[in-house]
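*Asks:*
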Amino acid sequence: MALRKNSASPLTATFAAVRTNPPKKAPRWRSVLPPMTPKLATGLILIAAIVLFGVLGPVFLGNPRSIRDIGRTPPGGEFLLGTTQTGQDVLAQLAHATQGSLLIGLVVGVLALILSMIFGVIGSYVGGWLDESFSLFTNIMLVIPGLPLVIVISSYVEDKTIWVLAVVLAITSWAASARVLRSVTLSLRSRDYVAAARVSGEKSWRIIVVEILPNLIPVLASQFVLAIIAAILAEAGLSYLGLGASGTFTWGTMLFQAQNGFALTLGTWWWFVPPGILIAVLGGALSLVNFAIDEVVNPKLRTTTLRKDKKRLKKRLHTTTEGGVPV
Numbered sequence: 326m327a328l329r330k331n332s333a334s335p336l337t338a339t340f341a342a343v344r345t346n347p348p349k350k351a352p353r354w355r356s357v358l359p360p361m362t363p364k365l366a367t368g369l370i371l372i373a374a375i376v377l378f379g380v381l382g383p384v385f386l387g388n389p390r391s392i393r394d395i396g397r398t399p400p401g402g403e404f405l406l407g408t409t410q411t412g413q414d415v416l417a418q419l420a421h422a423t424q425g426s427l428l429i430g431l432v433v434g435v436l437a438l439i440l441s442m443i444f445g446v447i448g449s450y451v452g453g454w455l456d457e458s459f460s461l462f463t464n465i466m467l468v469i470p471g472l473p474l475v476i477v478i479s480s481y482v483e484d485k486t487i488w489v490l491a492v493v494l495a496i497t498s499w500a501a502s503a504r505v506l507r508s509v510t511l512s513l514r515s516r517d518y519v520a521a522a523r524v525s526g527e528k529s530w531r532i533i534v535v536e537i538l539p540n541l542i543p544v545l546a547s548q549f550v551l552a553i554i555a556a557i558l559a560e561a562g563l564s565y566l567g568l569g570a571s572g573t574f575t576w577g578t579m580l581f582q583a584q585n586g587f588a589l590t591l592g593t594w595w596w597f598v599p600p601g602i603l604i605a606v607l608g609g610a611l612s613l614v615n616f617a618i619d620e621v622v623n624p625k626l627r628t629t630t631l632r633k634d635k636k637r638l639k640k641r642l643h644t645t646t647e648g649g650v651p652v
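In this note's numbering, the protein residues as written are 326 to 652.
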């Protein structure tokens, strides 16, 4: 009899412990967040490092416009990234340029997200002539090439501050996100809980805010990340063409100044390589975050991830119970 009592398998004991101590229910907002994966962790670490450099760098590295009578100096010694042909500190310029590019990306991402929500979410939920008008205008904005439109608008703007440039980029970059949000909202508005809220007499704005927007958080986050990437790349292209923000350092203006200073011809690689590397690193980091968000948004990717997690869990249970020692 004693042998029978002690012959319970470790797996049975583990399941019994799970039944007696049920896991706590996670908050509702946790269900829409992507799981912490190596891709997401790597992207967030890189983004945090660049943001810290852009926030703290300008505080400690001084004035990037200070001219010194030393000419072009390679990296080393007092100047870690060398100096330009006029003796300006490249590291100080890079810190201020990082701050400017991040600010443009953030402002454009927020403005483009607001515009896409107005034309994509509100229009598709209300329906009727409003949805048709918003959809027609969105299609027109999609047909017009974005970069030529930005170049034309920027060339006619006299005082191109960083805020004006952000508004111009936001006006030309919201249409694709609006189409995505419209298709998802049309699917959500036919759900039972939305119909029940509508029948119970809830106001339209409350249904949008309480019932629809929480289910759009992964899609909104994905579109926000894509808008930031597109804004930073577009700003770098405009500044390289001489149409960027005046009086402000960005990664694009650094490339433009390096081109005007014949940095490539003179071999001053430390002037144009660092901003190019930061553009590539930030774009890759944001892409990693976007891939992690896609695993929540895309059902196929979500199914694949769950299948891998189940296989990993079965393998772990088999490994831990093989020696008769439960977890």
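Glycine residues also receive a C-beta, built at the ideal position from the N, C-alpha and C atoms. Only a predicted model underlies this, so the values are computations on that prediction, with no experimental measurement involved.
(1) Considering Cα atoms alone, identify which of N585, S525, R514 and E560 is closest to L538.
(2) Could you spell out the range, first to last residue, of the alpha helix (DSSP H) harbouring N585?
(3) Within its chain, find whatever has a CB closer than 7 Å to the CB of F574; leave out the 5 residues flanking it on each side and keep chain order.
(4) Where does T463 fall in DSSP's three states?
(5) Buried or exposed for E620, please, with buried defined as at least 16 other CB atoms from any protein chain shown within 10 angstroms of its CB.
(6) Tell me the rounded alpha-carbon separation between T367 and S458.
(7) Out of A501, S529, A583 and R516, point me to the one whose CA is closest to P600's CA.
(8) Taking the alpha-carbon positions, what's the I604 to I496 distance?
(9) Out of curiosity, what's the CA-to-CA distance linking S508 and L490?
(10) Let me confirm a value: V534 is counted as buried when at least 16 other C-beta atoms fall within 10 Å, else exposed. Which label applies?
(11) Apply the 10 Å Cβ neighbour rule to M361 and answer buried if 16 or more other Cβ atoms are within range, or exposed otherwise.
(12) Just tell me which of A374, I370, W488 and G572 has its CA closest to the CA of V432.
(13) Does the beta-carbon distance from T408 to I395 come in below 8 Å?
(14) Starting from L568, follow the alpha helix (DSSP H) in both directions and report where the run begins and ends.
(15) What residue range is occupied by the uninterrupted alpha helix (DSSP H) comprising W499?
(16) Just to check my reading of the structure: F597 and L589 have Cβ atoms closer than 8 Å, yes? What is that Cβ distance to the nearest angstrom?
(17) Identify whether E457 lies in helix, strand or coil by the three-state DSSP scheme.
(18) Which of the three DSSP states, helix, strand or coil, is assigned to G434?
(19) Who are the Cβ neighbours of L438 in its own chain at under 6 Å, not counting the five residues just before and after it?
(20) Thinking just about the alpha-carbon of each residue, which of F462, L427, I429 and V524 is nearest to the one in A501?
(21) Helix, strand or coil for T398, going by three-state DSSP, please let me know.
(22) Relative to the alpha-carbon of V505, which residue among T411, M442, L455 and W530 has its alpha-carbon at the smallest distance?
(23) To the nearest angstrom, how far is the alpha carbon of L545 from that of P383?
(24) For S391, tell me which candidate among F404, G379 and G448 has the shortest Cα-Cα distance.
(25) Can you tell which of V519, S525, A559 and A521 has the C-alpha that lies nearest to the C-alpha of G434?
(26) Three-state secondary structure (DSSP) at T408?
(27) Closer than 6 Å by C-beta to L472: which residues in its own chain qualify, once you throw out the five before and the five after it? Chain order, please.
(28) Going by alpha carbons, who is nearest to G448 out of V524, L511 and T411?
(29) Below 6 Å CB to CB, which residues in the same chain sit around L613 once its five sequence neighbours on both sides are set aside?
(30) Any idea which residues DSSP pairs D414 with across the strands?
(31) What does a CB cutoff of less than 7 Å around D456 pick up in its chain, not counting 5 residues either side in sequence?
(32) Would you mind sorting S479 into buried or exposed? The rule is 16 or more other CB atoms within 10 Å of its CB.
(33) By the DSSP assignment, the alpha helix (DSSP H) with F378 in it spans what residues?
(34) Just the Cα atoms here: how many angstroms apart are G283 and I429?
*Replies:* The relevant details are as follows:
(1) R514
(2) W576 to N585
(3) P389, Q418, H421, A422 and G425
(4) helix
(5) buried
(6) 42 Å
(7) A583
(8) 22 Å
(9) 30 Å
(10) exposed
(11) exposed
(12) W488
(13) yes
(14) Segment: none, L568 is in no alpha helix (DSSP H) and carries neither H nor E.
(15) Careful: W499 lies outside any alpha helix (DSSP H) and carries neither H nor E.
(16) 7 Å
(17) helix
(18) helix
(19) F549
(20) F462
(21) strand
(22) M442
(23) 31 Å
(24) F404
(25) A559
(26) strand
(27) none
(28) L511
(29) K364, T367 and G368
(30) T408
(31) G448 and S449
(32) buried
(33) P363 to F385
(34) Because the chain here runs from 326 to 652, residue 283 falls outside it and cannot be looked at.
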